[in-house]
Amino acid sequence: MSSFGYRTLTVALFTLICCPGSDEKVFEVHVRPKKLAVEPKGSLEVNCSTTCNQPEVGGLETSLDKILLDEQAQWKHYLVSNISHDTVLQCHFTCSGKQESMNSNVSVYREWLCCGALLSPGTEAVSTECTQSPSVPAPGHCHRGALPP
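So the sequence shown is residues -24 to -1, 1 to 125, counted in mature numbering (1 follows the signal peptide of the UniProt record, and there is no 0).
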């Protein structure tokens, strides 16, 4: 093989090793926690981070109220509040002109209230009614129950 052939082969190998393809991820974005459950109008803390050493820009995309609590070059810590519906939070960072993102699902849940008849000692309730009603029943008639299966 001629010296031109070796030089061409060397340049081609160098390009493959040093310059990743356009479809490869050069860095990663993480969001913690990945899955969240909160009460209606609740709040939660979210951490967005990246493996990029010097990201150009980064943040959290959401239609909800958010406050940046703290940050360093590779991470941002947010408080997301007033969560009233299921939603998706998106953390994103840009590194060397390329943007990557990761999502976190947020579910809103309600505690169930189970109400049974107020009975005399020694008797059994025939049925118990469970609702997701925000109204509070009279004292002694209901108790907080677990989430439905």
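Where is the CB? At the ideal position from N, CA and C, for every residue including glycine.
Treat the numbers as computed from the prediction; the structure is a model and nothing was measured.
Within 8 Å, strictly: CB atoms of Val7 and Cys67: yes
Measure the C-alpha to C-alpha separation of Phe69 and Leu55 and round it to an integer number of angstroms. 18 Å
Using only alpha-carbon positions, find the residue among Val64, Cys28 and Glu47 that is nearest to Asn79. Val64
For Gln50, which option in Val33, Glu37, His61 and Asn58 has the closest C-alpha, if you only look at C-alpha atoms? Val33
Roughly how far, in whole angstroms, is the beta-carbon of Tyr85 from the beta-carbon of Glu15, given that I think they are within contact range, below 8 Å? 7 Å
Express the C-alpha separation of Val5 and Asp(-2) in angstroms, rounding to a whole number. Because the pLDDT at Asp(-2) is just 49, under 50, the model does not fix this residue reliably, and the point stays unresolved.
The beta strand (DSSP E) spanning Gln66 covers which residue range? Thr63 to Cys71
Based on the DSSP secondary-structure assignment, which residues constitute the bridge partners of Asn81? Lys11 and Val64
DSSP state of Leu40, grouped into three classes? coil
Using three-state DSSP, classify Glu76 as helix, strand or coil. strand
Among residues of its own chain, excluding the 5 on either side of Ser25, which ones have a beta-carbon nearer than 7 Å to its beta-carbon? His6, Gln50 and Trp51
Helix, strand or coil for residue 127 per DSSP? What is shown of the chain runs -24 to 125, which leaves residue 127 out entirely.
CA-to-CA distance, Gly35 to Phe3, given in whole angstroms: 15 Å
Bridge partners for Thr26 per DSSP, in chain order? Val5
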